[in-house]
Each structure stands twice: as structure tokens, then as C-alpha cells.
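Below: the structure, in C-alpha cells.
Residue numbers (our numbering), protein chains in the order written: chain A, 20 to 85; chain B, 6 to 140.
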């Protein structure tokens, strides 16, 4: 699953720690999601899209093999 | 900590963990004394109960620590626990086979609690490394 977390974060000049604090998870969790090593739960995906004021589909995208 | 928890709460958690380890250590020692006493069966039953009950605070502290984490930490703990189950099983089979093969003395025994703790720590470490290194 691809995601645009890094881009969206950079647009707002937020660190991983700051994003983590906004959605209530650790910096490590944000890093794991951002690098595609961990797929977030639906509530976390919704929280992430909410803080970026966009939809889940615009943050996360399925890849052909998913 | 995964989710941001107040320092005071983290300190209380750490103190509770230390206290639970003390209960575990002294509970087991007291339990051993009761189990090997020549007293009535009631004393030995009390030793058995004490051996089991003295583990509970430590397990509670572990569960609290995992619950205080975010979903990433909980996921790692879940995978690590599953791995620990397999590792513990393998350790027991290996140990019993070594005793059967007389590679170890027949009187030797595997310390159950220490083996379980070690397997859990190793399992969680493997899970953490896997989620860090996977492509």
C-alpha cells in the first residue's frame, strides 16, 4: 500500500513526531506507516486523513499486488 | 512511549514493574520454602498458590505497558507473543530431547518462568527487527 504521508507532512512542515502527537501515536509508528512497513488500522488512517483535511483515498492507495 | 503519557504515569508504571518483579522473586522463594517443607499438605498447596499468584502482578504490568502503547507497539507485541509461543515450545522439545538422549543429567530441569520470559523478550525483539528491516 502506497501513501503520501511524507509529501503531505512536508507541505505542512510537520515532523514525524508532530504528526504522531496530532493523531496520538509514536514517531516510530508514523515512520513505519510512512515507509510502508506497517499498515495502519482504519481508525488511524481516518485520523491521519482528518489532520491533513483530506480523504483516506488521497492519503493511501492500494498497489496492484495488494 | 508510544502514545504520549505523562512522566508521572510513566514513573508509576516503572515503579510498579520493579515492585512486581520483587513480588515475583520473593514470592517464588517463599513458595519454594513452603513446597519443600515437611509440613501439612495445606502448606504445600499454599506454596503452589503463591507460585502462581506471584506472577500475576508482573503479567499485569506487562499488559499495562502494552496497552499504553499505540497500535504499532501492540502489533509488535502480538507478533512477538506468537513467536514466543513457538520458541518456548521448541525450547521445551529441545530440552526434553536432550534429557532423553542423556546429553543432560536426568535430574536437570528447565526453569519455566525464566524460559518463558526469555522467549517473550526474544520474540518481541525478532518482531521489532522484522518490522524495521522488512522492505
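Positions of the beta carbon are idealized from the N, C-alpha and C atoms, including for glycine. A quick note: this is a predicted structure, and the numbers were derived from the prediction, not measured.
Residue 24 of chain A sits close to residue 67 of chain A, with the two beta carbons spaced by under 8 Å. Proximity of chain A to residue 139 of chain B at the Cβ level (cut-off 7 Å) is accounted for by 56, in chain order. B:60 is the residue among B:106, B:60 and B:111 whose C-alpha sits nearest the C-alpha of residue 117 of chain B. By the Cβ rule, the region 61-81 of chain A does not count as touching the region 11-24 of chain B, because fewer than three pairs are nearer than 8 Å.
When Cβ-Cβ separations below 8 Å define contact, residue 35 of chain A makes no contact with chain B.
By DSSP's assignment, residue 79 of chain A forms a beta bridge with A:22.
In its chain, beyond the 5 residues on either side, 63, 66, 67 and 70 have a beta carbon closer than 7 Å to the beta carbon of residue 42 of chain A. With a threshold of 8 Å between beta carbons, residue 80 of chain B makes contact with chain A. Per DSSP, the unbroken alpha helix (DSSP H) holding residue 100 of chain B starts and ends at 76-105.
Below 8 Å, enough C-beta pairs join the region 76-84 of chain B and the region 118-137 of chain B to call them touching: three or more. For residue 33 of chain B, the enclosing alpha helix (DSSP H) covers residues 12-40. Assignment of residue 136 of chain B by DSSP, reduced to helix, strand and coil, places it in the helix class.
Against residue 60 of chain A, the close residues of chain B are 76, in the order they occur along the chain (beta-carbon pairs closer than 7 Å). Residues of chain B whose Cβ lies closer than 8 Å to the Cβ of residue 48 of chain A are, in chain order, 7, 75, 76, 77 and 78.
At a cut-off of 8 Å between C-beta atoms, residue 51 of chain A counts as an interface residue with respect to chain B.
Annotation: residue 108 of chain B to residue 44 of chain A spans about 49 Å, alpha carbon to alpha carbon. The beta carbon of residue 75 of chain A sits closer than 7 Å to the beta carbons of 64, 65 and 68 from its chain, once the five residues preceding and following it are set aside; these are given in chain order.
At least 8 Å separates the beta-carbon of residue 48 of chain A from that of residue 136 of chain B.
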